[in-house]
């Protein structure tokens, strides 16, 4: 069966005890956009929390709309959608970088260095895998698999950076792996599963980005998103050339594809960036699950795409592992001094 579809888990990366810098993945876009935000290591004051909570929740709603928007696209191919989605995001980032940094924009790119380029390449892989996953599987399957990205990040961090993995994280990873097996095993047994494999590719791309950014902590990594969207445009151009689909799409498909870059990812990213400054990392982890939960519900209500029983079961295990790691990890002494890794 061929689907038409359109993430976010948070990956803490930082470290000063009183001014932790934490790296987060936005899905789709996820959740699909990444940012480095200054997160307080102690509970923020109530007025700030009242501002941060609705902003992060709203960001999750924007991110969750990706699957629904993709389902509303009529004729455009996945490569065309990727081209206009990433192109719109890239143009938005160009404008934002100039407004925010003005004459210092070159210095920001210089300081970000090679990790931003490598991270951008990984992000482009994630963007590509996400769109292709939505083309060949249900929105719920794609988002639930993307939600497992932090566990892939832990494995890559251990492999390439020598980072330690706690027993709690290992246990949660085993539960998440069981969830992935439940979701993908049935599809592969039926001779399908291509969309799930693309979703895994996207999750690994986001994890690669997180690991690359850990080599240059404390730096504004907007350049990584800049490179990621630019590389994704190039990937899409190659896909368009190989498939001979061209750049011409209907006005409505162009509007939907561009809105995925401008609003679903771009506005969601800006809301999350502002809200993240007022909340703890564990709160961001839990609030960001709005995208993973709301995404399947939106396509279910609007177009009647019902997740399979395997998707429900696997998604329950994955989300349960994330919530457990966030809550129990945040209660440890180490977690109180810095974000859980």
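In our numbering, the protein residues as written are 1 to 341. Glycine included, each C-beta is placed from N, C-alpha and C at the ideal position.
Residue i, DSSP secondary structure in three states
| i | result |
| --- | --- |
| residue 245 | coil |
| residue 308 | coil |
| residue 88 | helix |
| residue 292 | helix |
| residue 66 | helix |
| residue 221 | coil |
| residue 196 | helix |
| residue 215 | helix |
| residue 179 | helix |
| residue 303 | helix |
| residue 157 | helix |
| residue 58 | helix |
| residue 76 | coil |
| residue 205 | helix |
| residue 162 | coil |
Buried or exposed by the 16-neighbour rule on C-beta atoms within 10 Å, applied to residue i
| i | result |
| --- | --- |
| residue 249 | buried |
| residue 75 | exposed |
| residue 63 | buried |
| residue 288 | buried |
| residue 368 | Because the chain here runs from 1 to 341, residue 368 falls outside it and cannot be looked at. |
| residue 307 | buried |
| residue 167 | exposed |
| residue 223 | buried |
| residue 304 | exposed |
| residue 195 | buried |
| residue 352 | Since the first residue of the chain shown is 1 and the last is 341, residue 352 is not available in this structure. |
| residue 301 | exposed |
| residue 261 | buried |
| residue 150 | buried |
| residue 113 | exposed |
| residue 55 | buried |
| residue 390 | Past the edges of the chain, shown from 1 to 341, lies residue 390, and the structure says nothing about it. |
| residue 214 | buried |
Distance CB(residue i)-CB(residue j) smaller than 8 Å
| i | j | result |
| --- | --- | --- |
| residue 133 | residue 315 | no |
| residue 148 | residue 203 | yes |
| residue 272 | residue 116 | no |
| residue 90 | residue 229 | yes |
| residue 183 | residue 326 | no |
| residue 67 | residue 295 | yes |
| residue 240 | residue 80 | yes |
| residue 93 | residue 128 | no |
| residue 270 | residue 84 | no |
| residue 123 | residue 60 | no |
| residue 138 | residue 317 | no |
| residue 207 | residue 119 | no |
| residue 156 | residue 231 | no |
| residue 279 | residue 49 | yes |
| residue 320 | residue 175 | yes |
| residue 144 | residue 322 | no |
> At which residue ranges does the stretch 99 to 150 contain complete alpha helix (DSSP H) runs of 4 or more residues, listed in the order of the chain?
Replying inline: 105 to 136 and 139 to 146
> In chain order, which alpha helix (DSSP H) runs of at least 4 residues are fully inside the stretch 226 to 291?
Replying inline: 251 to 259, 268 to 276 and 281 to 287
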